[in-house]
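What follows is a single structure, written as structure tokens, with notes after it.
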Amino acid sequence: MFGGLSNYAGDLQDHQFTLQQSNFAFGAGIKYDFTPHLALRLAYNHGSIEGDDKRSGDPLLRERNLSFASKINEGSLLLEYTLLNMEDRKISPYIYSGITVFHYNPYAYDTLGNKVFLKPLSTEGQGLEQYPDRKPYKLTQFAIPVGVGVKFRISSNTILAYEISVRKTFTDYLDDVSKTYVDQFALGQQRGLKAVSMAFRSDELKGSTATYPADGSVRGGSKYEDWYYFTGFTLYIGIGSGNGSGSGFGRSKGGRNRLGCPNVL
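Set out below in structure tokens:
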């Protein structure tokens with residue numbers, strides 16, 4: 000069982016790793032230990048990510064005035080390596096990686112407080128005939144997870160771990176911001192006035208005299224793709240025993256059961 004925080008790095012976040020604009024996240028899964036060091040994990044996590052130019056330390060980004068939020072639901076198949084043998088030790092660092100499938104759907108709130116999902120609006124011309132190189136992004140995608148942490152044995156069949164894990168995605172649209180503004184008339188004609196108003200929001204600021212930028216004006220930075228991450232605590236509870244190492248269900252002195260065989264979690 001996992002409990003902690005989720006966040007993201009992208010065009011609407013000043014820092015690569017920060018607790019600012021974090022949200023509560025939780026998850027659950029099952030792990031099988033092949034050896035005292037190597038294990039397979041199947042896990043599900045749920046979290047939320049968000050970003051808002053109003054919270055940026057850069058005045059130019061605050062004037063851009065874009066924002067987003069999204070739920071993240073993911074399933075992961077992970078291979079975990081524990082550095083030290085937890086049958087004999089109380090503490091050990093560990094790492095893991097594997098494959099993740101995740102779903103997201105960025106949205107923002109308009110000036111009336113209505114929740115507006117951004118993908119159908121093609122705010123940067125995705126799917127518009129004038130921009131054939133900008134394809135609509137997929138809301139369900141693959142990512143590469145990488146995690147590091149430290150485990151603490153608190154009883155014979157219970158381990159508490161603290162970990163930080165990142166997800167390398169293959170999209171720059173977690174926040175619906177990546178490249179440049181597109182022609183407002185083409186956008187409005189094919190996606191409606193709501194798309195125009197959500198693509199450019201500087202004019203919503205008090206006292207602003209800003210007008211919609213020219214086609215091709217910079218809106219985001221496409222050099223780096225977005226990624227998201229989790230940090231928090233994972234609780235492992237042994238539910239069986241068998242022929243491998245264990246995090247310790249039925250663990251006896253020396254980490255072996257009465258037949259001399261290692262235990263399994």
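Going by numbering that gives the first Met the number 0, the first residue of the sequence shown is number 0, and it counts up by one from there. Here a beta-carbon is modelled for each residue, glycine too, at the ideal position from N, C-alpha and C. In this text, all values refer to a predicted model and were calculated from it rather than measured experimentally.
| Query | Result |
| --- | --- |
| Ranges of the beta strand (DSSP E) found wholly within the region 47-131, counting only runs of at least 3 | 66-81, 90-102, 106-108, 114-116 |
| Every unbroken alpha helix (DSSP H) inside the region 164-212 [4 residues or more] | 183-190, 192-198 |
| Segment contact flag, the region 150-160 with the region 103-120, C-beta cutoff 8 Å, min 3 pairs | no |
| Nearest-angstrom Cα separation, counted from Gly97 out to Leu39 | 10 Å |
| Limits of the beta strand (DSSP E) - the one that Ile153 falls within | 139-154 |
| Cβ neighbours of Ile90 in the same chain (closer than 8 Å, five flanking residues each side left out) | Leu83, Val149, Lys150, Phe151, Arg152 |
| Gly215: first and last residue of the uninterrupted beta strand (DSSP E) it sits in | Unbroken run through Gly215: none, as it is neither H nor E. |
| Meets three-Cβ-pair contact criterion under 8 Å: the region 135-150 and the region 109-116 | no |
| Buried/exposed call for Ile158, threshold 16 Cβ in 10 Å | buried |
| At least three beta-carbon pairs within less than 8 Å, the region 23-42 to the region 1-15 | yes |
| Candidates Ile238, Glu203, Ala213: closest to Ser66 by CA position | Glu203 |
| Same chain, Cβ closer than 6 Å to Pro92, neighbours up to 5 away in sequence not counted | Leu82, Val149 |
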